[in-house]
Amino acid sequence: MNRQTDAPAKRERAAERGTDSDGFRSDVAATYAVLAECWREPTEQLVEAVETGELVPVVGDVGSVDLRRLSAEYTRLFIGPEGPPCPPYESVYRDGDDPDELGPVKGPATMAVVRWYREFGVQPAADHPDLPDHIATELEFAAYLAEAGLDERLAQFRAEHLDAWADEFLGHVEAETREAFYASLAATTREMLGQ
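Those letters in the sequence shown? Residues 1 to 195, per full-length UniProt numbering, in order.
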């Protein structure tokens, strides 16, 4: 998340920092930020952080990971080609007409999240092209609120958004993934949101 200014300051990517809280006053904010980075499209930096053990507190010891395999799994789970099994967008889980089927992207839940971002004068970082209600973007906003010490607002945002859909999304990931990294990431995210 970046504050909207003439020259927005960009935070260093959390996966490059590992799980220590350098750059954050709050360990909770650091954890949300690292989780957010882990839910984004895999990068060499993410693979390096897993390989060097920096992400063991987040994903556990998942052994060796391969960028090509992680990228293929990310695409299969979250992008498609035909209706991904685990769309990472809140609106898909909350805005459908049939509770037993996934709904559309960019629905009312997306607009509600955007209102939260505007209220705090933040916007997703330009280097993250995800929709506003992507799991990573919502976790990044949770990190922003935690870092700002806005615990009541964080609790409200979680209740209105993350807590209302993430459990279902994480269940889909746990059921569908073929990579230990994503299974462990889903479990850690569930644990963090359960606190």
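Think of the CB as a built atom: it goes at the ideal place given N, C-alpha and C, for glycine as much as any other residue.
Measuring only the C-alpha atoms, how far is residue i from residue j?
i    : j    : result
G103 : L70  : 26 Å
A33  : E140 : 5 Å
D98  : V105 : 14 Å
T43  : D95  : 31 Å
D66  : V47  : 7 Å
V62  : T177 : 14 Å
M192 : A112 : 23 Å
D167 : G194 : 10 Å
Tell me the DSSP secondary structure of residue i in three-state form.
i    : result
T189 : helix
Q45  : helix
Q156 : helix
A180 : helix
S21  : Below a pLDDT of 50, predicted positions are generally treated as unreliable, and S21, at 44, falls in that range; the measurement from the model is reported next regardless. Three-state DSSP puts S21 in coil, outside helix and strand.
H128 : coil
So, under 8 Å CB-CB, residue i and residue j are touching, yes? Tell me the CB distance rounded to an integer number of Å.
i    : j    : result
W39  : Y93  : At roughly 15 Å, the Cβ-Cβ gap does not stay under 8 Å, so W39 and Y93 are not in contact.
F124 : T137 : The question names Phe, yet the displayed sequence has Pro at residue 124. With 8 Å as the limit, P124 and T137 qualify as a contact, their Cβ atoms being about 5 Å apart.
Any idea if residue i is buried or exposed, counting beta-carbon neighbours within 10 angstroms, 16 or more meaning buried?
i           : result
D130        : buried
D133        : buried
residue 196 : Given that the chain is displayed from residue 1 to residue 195, the structure contains no residue 196 and the question cannot be resolved.
Specify, as a first and last residue, the run of the alpha helix (DSSP H) that residue i falls within.
i   : result
W39 : Premise fails: W39 is in no alpha helix (DSSP H) and is neither H nor E.
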